[in-house]
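Engineer: Dumping the structure here so I can ask a few things about it.
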Amino acid sequence: MVNAGDMNGSGNLMDFLDEPFPDVGTYEDFHTIDWLREKSRDTDRHRKITSKSKESIWEFIKSLLDAWSGWVVMLLIGLLAGTLAGVIDLAVDWMTDLKEGVCLSAFWYSHEQCCWTSNETTFDDRDKCPQWQKWSELLVGQSEGASAYILNYFLYIMWALCFAFLAVSLVRVFAPYACGSGIPEIKTILSGFIIRGYLGKWTLLIKTVTLVLVVSSGLSLGKEGPLVHVACCCGNFFSSLFSKYSKNEGKRREVLSAAAAAGVSVAFGAPIGGVLFSLEEVSYYFPLKTLWRSFFAALVAAFTLRSINPFGNSRLVLFYVEYHTPWYMAELFPFILLGVFGGLWGTLFIRCNIAWCRRRKTTRLGKYPVLEVIVITAITAIIAYPNPYTRRSTSELISELFNDCGALESSQLCDYINDPNMTRPVDDIPDRPAGPGVYSAMWQLALALVFKIVITIFTFGMKIPSGLFIPSMAVGAMAGRMVGIGVEQLAYHHHDWIIFRNWCRPGADCVTPGLYAMVGAAACLGGVTRMTVSLVVIMFELTGGLEYIVPLMAAAVTSKWVADAFGKEGIYEAHIHLNGYPFLDVKDEFTHRTLATDVMRPRRGEAPLSVLTQDSMTVEDVETLIKETDYNGFPVVVSKDSERLIGFAQRRELILAIKNARQRQDGVVSNSIVYFTEDPPELPPNSPHPLKLRRILNLSPFTVTDHTPMETVVDIFRKLGLRQCLVTRSGRLLGIITKKDVLRHMAQMANQDPESIMFN
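If you count the sequence shown from 1, position 707 lands on 707 in UniProt numbering, and the numbers rise without skipping.
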């Protein structure tokens, strides 16, 4: 270090910040990152590596490793996400069946696996085998009768309560961030917001374990949304192992976008749908390079899941279907009606769920999360058990609703009357009127539909992992199957009507009710999430029904139009706004004719803007300013009189720089002058050592004039990912606009509460 006398004379000052110090360039919790700065830092890092690679072989190898690190991270994410998804699927199968009985030959086998290994299973009674015993058979030796039913009923409820209680306790004690779907927070994080611990190792572990417990408990929720959160936790873990990603928040978000694609890939067995989901629904910044890497991560994850083969059918898809009849143009009308139903259900669900979640936040209800989970689980189990369609797991229910009725189907939904003696014109094959099983299945499905619609509103948003994809699909599949059976019976009894005459000859197999279930599922999922392209691709990858893309597209578009007519927000955006996260949605349009001067701070009558001067403030002055205000940064001006803008200094970096200077630089005291210029100011002899902080100064802060339309300002914030921008007139500083100011102004213009935006 040079002494103060040398300093004042020659100006050969060493800026101690030439060596980076710990934590510089990092962000505080619940703050937004500066995308432009992260991009610039990555460009500098890349330039340095490229220039060094020409110096030696070792540096060249290091540059190659740096270039390949992105692909290595994707490989690791795909492997871990696929493995975790396979383990979750296997564990959910076993624990769901555990509520009803146990396998005597190997207690870790699910019902299906237990009866696969049995040599005494007949085709007609494929679900019954001596090795699998219901709890009543095991405990009291009875499988039929009232006492057996009551005992099985009681134990079903007890197991459900036990699983739910364990899940909510683990979340509360070890990882509060493991609750919910995770997608609203992932969207916010990908837009540049910092939520420390949300993608941590504890969250990953607890979310994986509790996801198995809550799905097995029979609650009306799915594992698909939370699997995106789990995959993003994997992405965050592996990116922390590589300095290229761990030290740059912008680059880290590229990895997380790809991880979200891998999450959907393993959730549905839909790798291409996963990439499109990440692009359409989750990601904020999605360069072409991220598209390739997402594709690779989704591929590896799907391949890993396929190797584990959790469904035991050697297929990746969850609900494989094989329909034998094509669809006809006249069927587009019921498909569009299902789209309308999906849009209406989406609107109803979002409004009711947000109202309930807001009530939970603002009343005493929010203080008892464990009690809430226990009560909802008890109600769900008590009502679900008597109805065979709600007792089984939701995935099994959807699978049955999607199925076509073949000759070997034993489901009630396939109980049609086959009468070989029925007389019809010679060229006809026997028709299939609905039998008593179909009619009883219809009213059971109607009750199940009402129950699912109501209970899902209260379940989503509790303090446990809860996905929305599967419950939404179940609601649509039930409605669709009922519509499908209705159209099928109408075509059978009235085949001479003009709409059926052209394509539905008497005795022909014209209508496939399973297809209607599939279209209904897509419509309801679209109504809730407002997905379109990715939804259709996920649906045909999920079912293998590539031929039925047009009905799926018609239903998805209709449901989005109908739902958008009542409100533009999907469920994830609604939850983002409920939590007050600073998310600037690309889909939102700002059409009001306000100017930057209407939004900037300080407003008329407010205290003047807190600024730093380039060479006239002491360390004590800067520390006092930091202590008395809670701003994230301060504009630096030439002087308080001229207010000519020099740059912008971040609060966190000022604090760290002064703290490090006091520790590492001799002579820095409270009345040392702080300067941001290249050369030190002229100081009187024997004055204390000045402190140069030019290195932390952003010399090119984004500025707009006071007459810039807010429409342009909103666009700039959205496309460049700014934290703040300064407002000037002829180079003089007038004020500042932060992301929070922009969001509050947009809320105000939309007649919403601006105070709901809590973070910057």
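All residues carry an ideal CB built from backbone N, CA and C; glycine is no exception. Here the structure is a predicted model, which means the values were calculated and not measured.
Smallest Cα separation from Gly735: which of Gly476, Arg662, Lys692 and Phe648?
Structural biologist: Position 735 of the sequence shown, counted from the first residue, corresponds to residue 735. Here the closest residue by C-alpha is Phe648.
Engineer: Can you tell me whether DSSP reads Ala434 as helix, strand or coil?
Structural biologist: For the purposes of this step, residue 434 is identified with residue 434 of the sequence shown, where counting begins at 1. Residue state, collapsed to three classes: strand.
Engineer: Check whether the Cβ atoms of Cys524 and Gly476 lie closer than 7 Å to each other.
Structural biologist: Taking the sequence shown and counting its residues from 1, one reaches residue 524 at position 524. Taking the sequence shown and counting its residues from 1, one reaches residue 476 at position 476. Yes, Cβ-Cβ distance for Cys524 and Gly476 is below 7 Å.
Engineer: Please return the same chain residues whose Cβ sits closer than 6 Å to the Cβ of Ser756, not counting the five positions on each side in sequence.
Structural biologist: On the sequence shown, position 756 is the one that residue 756 refers to. Around Ser756: Gly580.
Engineer: Whole angstroms are fine: how far does the CA of Met158 sit from the CA of Ala565?
Structural biologist: Along the sequence shown, one-based indexing puts residue 565 at 565. Along the sequence shown, one-based indexing puts residue 158 at 158. Answer to the nearest angstrom: the Cα atoms are 44 Å apart.
Engineer: Under 8 Å: do the region 77-94 and the region 229-237 share three or more Cβ pairs, one atom per stretch?
Structural biologist: yes
Engineer: Could you give the distance in angstroms between the alpha-carbon of Phe174 and the alpha-carbon of Ile49?
Structural biologist: Stepping through the sequence shown from its first residue, residue 174 is reached at position 174. Stepping through the sequence shown from its first residue, residue 49 is reached at position 49. Rounded to the nearest angstrom, the two C-alpha atoms are 41 Å apart.
Engineer: At which residues does the beta strand (DSSP E) containing Cys114 begin and terminate?
Structural biologist: Numbered from its first residue, the sequence shown carries residue 114 at position 114. Counting along the chain, no beta strand (DSSP E) covers Cys114; the unbroken alpha helix (DSSP H) around it starts and ends at His111 to Trp116.
Engineer: Who are the Cβ neighbours of Leu337 in its own chain at under 8 Å, not counting the five residues just before and after it?
Structural biologist: On the sequence shown, position 337 is the one that residue 337 refers to. Answer for Leu337: Val483, listed in chain order.
Engineer: Output the distance between the C-alpha atoms of Lys452 and Ala517, rounded to the nearest integer angstrom.
Structural biologist: Walking along the sequence shown from the start, residue 452 turns up at place 452. Walking along the sequence shown from the start, residue 517 turns up at place 517. Answer to the nearest angstrom: the Cα atoms are 15 Å apart.
Engineer: Going by CA-CA distance only, name the one from Arg644, Ile655 and Glu643 that's closest to Gly633.
Structural biologist: One-based indexing of the sequence shown puts residue 633 at position 633. Considering only alpha carbons, the answer is Ile655.
Engineer: Using a Cβ-Cβ cutoff of less than 6 Å, which residues in the same chain neighbour Ser240 once the five nearest sequence positions on both sides are dropped?
Structural biologist: Along the sequence shown, one-based indexing puts residue 240 at 240. Ser246.
Engineer: Can you tell me the Cα-Cα spacing of Ala164 and Leu213, whole angstroms?
Structural biologist: By one-based count along the sequence shown, residue 164 stands at place 164. By one-based count along the sequence shown, residue 213 stands at place 213. For Ala164 and Leu213, the distance between alpha carbons rounds to 6 Å.
Engineer: Taking the Cβ atom as the reference point for each residue, do Ser243 and Thr290 lie within a distance shorter than 7 Å?
Structural biologist: Here the question's residue 243 lines up with position 243 in the sequence shown. Here the question's residue 290 lines up with position 290 in the sequence shown. For Ser243 and Thr290, no; Cβs fall outside 7 Å.
Engineer: Out of Thr677, Pro688 and Tyr572, which one is the CA nearest neighbour of Asp666?
Structural biologist: Walking along the sequence shown from the start, residue 666 turns up at place 666. In terms of CA proximity to Asp666, Pro688 leads the group Thr677, Pro688 and Tyr572.
Engineer: Would you kindly work out how many angstroms separate the C-alpha atoms of Ala381 and Ala474, rounded to a whole number?
Structural biologist: Counting from one through the sequence shown, the residue named residue 381 turns up at place 381. Counting from one through the sequence shown, the residue named residue 474 turns up at place 474. Approximately 17 Å, taken between the alpha carbons.
Engineer: Straight-line CA distance for Asp29 to Ser410?
Structural biologist: Position 29 of the sequence shown, counted from the start, is the residue given in the question as residue 29. Position 410 of the sequence shown, counted from the start, is the residue given in the question as residue 410. Distance between the alpha carbons of Asp29 and Ser410 is about 56 Å.
Engineer: Asp496: buried (16+ other C-beta within 10 angstroms of its C-beta) or exposed?
Structural biologist: Counting from one through the sequence shown, the residue named residue 496 turns up at place 496. By the neighbour-count rule (16 or more Cβ atoms within 10 Å), Asp496 is not buried but exposed.
Engineer: Return the first residue and the last residue of the beta strand (DSSP E) that Val727 is part of.
Structural biologist: Stepping through the sequence shown from its first residue, residue 727 is reached at position 727. Taken as a continuous stretch (DSSP letters only), the beta strand (DSSP E) holding Val727 covers Gln724 to Arg729.
Engineer: Measuring only the C-alpha atoms, how far is residue 837 from Lys719?
Structural biologist: As displayed, the chain neither begins before 1 nor continues past 760, which places residue 837 out of reach and without an answer.
Engineer: Would you call the CB atoms of Leu413 and Ala441 closer than 7 Å?
Structural biologist: Taking the sequence shown and counting its residues from 1, the one referred to as residue 413 is at position 413. Taking the sequence shown and counting its residues from 1, the one referred to as residue 441 is at position 441. For Leu413 and Ala441, yes; Cβs fall inside 7 Å.
Engineer: Around the Cβ of Asn671, are there at least 16 other Cβ atoms within 10 angstroms (buried) or fewer (exposed)?
Structural biologist: Position 671 of the sequence shown, counted from the first residue, corresponds to residue 671. That one is exposed.
Engineer: Leaving out five residues on either side along the sequence, give the residues of the same chain with a beta carbon under 6 Å from the beta carbon of Ala574.
Structural biologist: Looking up residue 574 in the sequence shown gives position 574. Result list for Ala574: Ile350 and Ile354, in chain order.
Engineer: Quick check for students: name the residue ranges of the alpha helix (DSSP H) that lie wholly in the region 570-624, counting only runs of 4 or more.
Structural biologist: 571-578 and 596-599
Engineer: Spatial neighbours of Pro608 within its chain, please: CB distance less than 8 Å, with the 5 preceding and 5 following residues excluded, ordered by chain position.
Structural biologist: To locate residue 608, count along the sequence shown from 1; it is residue 608. Within the same chain, Pro608 has close Cβ partners Pro602.
Engineer: Would you decide whether Trp108 is buried or exposed? Buried here means 16 or more other CB atoms lie within 10 Å of its CB.
Structural biologist: Taking the sequence shown and counting its residues from 1, one reaches residue 108 at position 108. That one is exposed.
Engineer: Output the distance between the C-alpha atoms of Leu595 and Tyr285, rounded to the nearest integer angstrom.
Structural biologist: As a working mapping, residue 595 is identified with position 595 in the sequence shown. As a working mapping, residue 285 is identified with position 285 in the sequence shown. Their Cα atoms are separated by approximately 27 Å.
Engineer: Just to confirm, are Trp94 and Ser110 a CB contact at a threshold of 7 Å?
Structural biologist: Along the sequence shown, one-based indexing puts residue 94 at 94. Along the sequence shown, one-based indexing puts residue 110 at 110. Contact flag set, yes.
Engineer: Identify, in the order they occur along the chain, each residue of the same chain with its Cβ nearer than 6 Å to the Cβ of residue 780, setting aside the five sequence neighbours on each side.
Structural biologist: A query on residue 780 cannot be resolved here, the shown segment of the chain reaching from 1 to 760 and no further.
Engineer: For Tyr320, which three-state DSSP category applies?
Structural biologist: In the sequence shown, counting from the first residue as 1, residue 320 sits at position 320. Coil.
Engineer: What's the C-alpha gap between His494 and Leu515?
Structural biologist: On the sequence shown, position 494 is the one that residue 494 refers to. On the sequence shown, position 515 is the one that residue 515 refers to. For His494 and Leu515, the distance between alpha carbons rounds to 21 Å.
Engineer: Using a Cβ distance threshold of 8 Å, determine whether the region 635-647 contacts the region 612-620, with at least three qualifying pairs required.
Structural biologist: They touch, by the three-pair rule.
Engineer: Counting C-beta neighbours from all protein chains within 10 Å, is the total for Arg501 16 or more, i.e. buried, or is it exposed?
Structural biologist: Here the question's residue 501 lines up with position 501 in the sequence shown. With fewer than 16 other Cβ atoms within 10 Å, it is exposed.
Engineer: Determine the direct distance from the alpha carbon of Lys187 to that of Phe583, and round the result to whole angstroms.
Structural biologist: Residue mapping note: residue 583 aligns to position 583 of the sequence shown, counting from 1. Residue mapping note: residue 187 aligns to position 187 of the sequence shown, counting from 1. Spanning the two alpha carbons is a distance of roughly 8 Å.
Engineer: Ignoring anything shorter than 3 residues, give me the beta strand (DSSP E) runs that lie fully in the region 165-221, in order along the chain.
Structural biologist: none
Engineer: Take the Cβ of Phe333 as the centre, count every other Cβ of all protein chains shown within 10 Å, and call the residue buried at 16 or more, exposed below.
Structural biologist: Mapped onto the sequence shown, residue 333 falls at position 333. It is exposed - the Cβ of Phe333 has fewer than 16 other Cβ atoms within 10 Å.
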